[in-house]
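Protein chains in written order, with the working numbering: chain A, 248 to 386; chain B, 248 to 386.
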């Protein structure tokens with residue numbers, strides 16, 4: 248199968264609260280929205296924020312806990328990490344880990360979105376991000 | 248901030264069990280691996296499968312439950328959905344929802360990976376997937 252992820256769908260409790268986080272915090276523009284889901288066109292894939300009953304009915308899985316996963320948004324420079332985290336917090340996010348330098352290099356902090364989904368905001372000098380936002384592995 | 252997700256990191260319990268699911272089930276090739284993480288270069292972003300203690304130490308969040316999220320892999324044709332699910336099950340996945348047609352169109356089923364992370368395998372005729380695997384929203 249093609250080495251491809253088409254969608255990340257996050258279950259949410261409140262559409263407008265979540266929309267505020269993604270549009271005002273990250274500054275992203277929805278490509279589609281209705282009364283139960285908002286889609287954002289991302290870098291080669293879609294991000295969907297879907298009211299939990301919709302995702303539960305569709306998948307048959309009742310959401311619980313944190314799930315043990317994280318999404319990351321990489322920024323161009325180390326100095327961009329903390330302002331990005333501050334902006335996300337202003338839009339309804341919560342700091343989970345203040346930004347610092349991990350052993351494996353770079354600089355990062357963690358924020359949870361209003362539904363508890365984990366976002367790492369990172370500067371990773373080894374990974375290339377092109378103008379279209381496509382991220383390429385590097386060491 | 249750029250409309251971009253750099254990484255999806257999934258917390259896992261067993262590296263070789265997870266690796267088998269992604270390499271033999273999806274047929275994907277790692278771009279990097281060591282004793283605690285495997286990275287796959289995806290369509291404009293990275294997928295990382297990281298032993299849970301690493302992700303927990305890095306983020307400060309102890310994984311629990313299902314988390315209320317799903318990843319999706321879209322296939323080119325309706326007839327590709329069921330064989331893909333069968334292949335994932337052979338590689339250690341479990342069927343969560345047998346493939347059928349949702350109200351919003353297309354055809355899809357759900358499989359959980361060996362660590363319980365949810366994958367929707369879908370045919371969505373409205374969304375374009377190019378040769379590089381970049382997925383574009385369409386209605």
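The C-beta atom is built at its ideal place from N, Cα and C for all residues, glycine as well.
Helix, strand or coil at residue i [DSSP, three-state]
i                      : result
residue 273 of chain A : coil
residue 258 of chain A : strand
residue 384 of chain B : coil
residue 324 of chain B : coil
residue 367 of chain B : strand
residue 331 of chain A : helix
residue 303 of chain A : helix
residue 311 of chain B : coil
C-beta contact flag for residue i and residue j at 8 Å
i                      : j                      : result
residue 459 of chain B : residue 288 of chain A : Nothing can be reported for residue 459 of chain B, as the shown portion of chain B is limited to 248 through 386.
residue 367 of chain B : residue 319 of chain B : yes
residue 361 of chain A : residue 265 of chain A : yes
residue 259 of chain A : residue 296 of chain A : yes
residue 291 of chain A : residue 385 of chain B : no
residue 325 of chain B : residue 275 of chain B : no
residue 382 of chain B : residue 253 of chain A : yes
residue 365 of chain B : residue 308 of chain A : yes
residue 286 of chain A : residue 277 of chain A : yes
residue 248 of chain B : residue 322 of chain A : yes
residue 283 of chain B : residue 298 of chain B : yes
residue 376 of chain B : residue 255 of chain A : no
residue 344 of chain A : residue 306 of chain B : yes
residue 348 of chain B : residue 328 of chain B : no
For residue i, the first and last residue of its enclosing alpha helix (DSSP H)
i                      : result
residue 359 of chain A : Counting along the chain, residue 359 of chain A falls outside any alpha helix (DSSP H), though it belongs to the beta strand (DSSP E) covering 354-359.
Residue range of the unbroken beta strand (DSSP E) whose run includes residue i
i                      : result
residue 296 of chain B : 293-298
According to DSSP, residues forming a beta bridge with residue i
i                      : result
residue 285 of chain B : B:280, B:296
residue 336 of chain A : Its beta-bridge partners do not exist; DSSP assigns none.
residue 252 of chain A : DSSP, once it has assigned bridges, lists no residue as partnering residue 252 of chain A.
residue 347 of chain A : A:355
residue 318 of chain B : A:255, B:366
residue 373 of chain B : Its beta-bridge partners do not exist; DSSP assigns none.
residue 342 of chain A : A:358
is_contact[residue i, chain E] using C-beta, thresh 8 Å
i                      : result
residue 347 of chain B : Note that chain E does not occur in the displayed structure, where the protein chains are A and B.
Determine, using beta-carbon pairs with one atom in the segment 326-334 of chain A and one in the segment 356-370 of chain A, whether at least three such pairs fall under 8 Å.
-> Contact annotation: the segment 326-334 of chain A touches the segment 356-370 of chain A, with at least three C-beta pairs closer than 8 Å.
Touch check for the segment 337-350 of chain A and the segment 255-274 of chain A: three-plus C-beta pairs under 8 Å?
-> They touch, by the three-pair rule.
Touch test, the segment 303-319 of chain A against the segment 315-327 of chain B, Cβ-Cβ under 8 Å, three pairs minimum = Segments in contact, yes.
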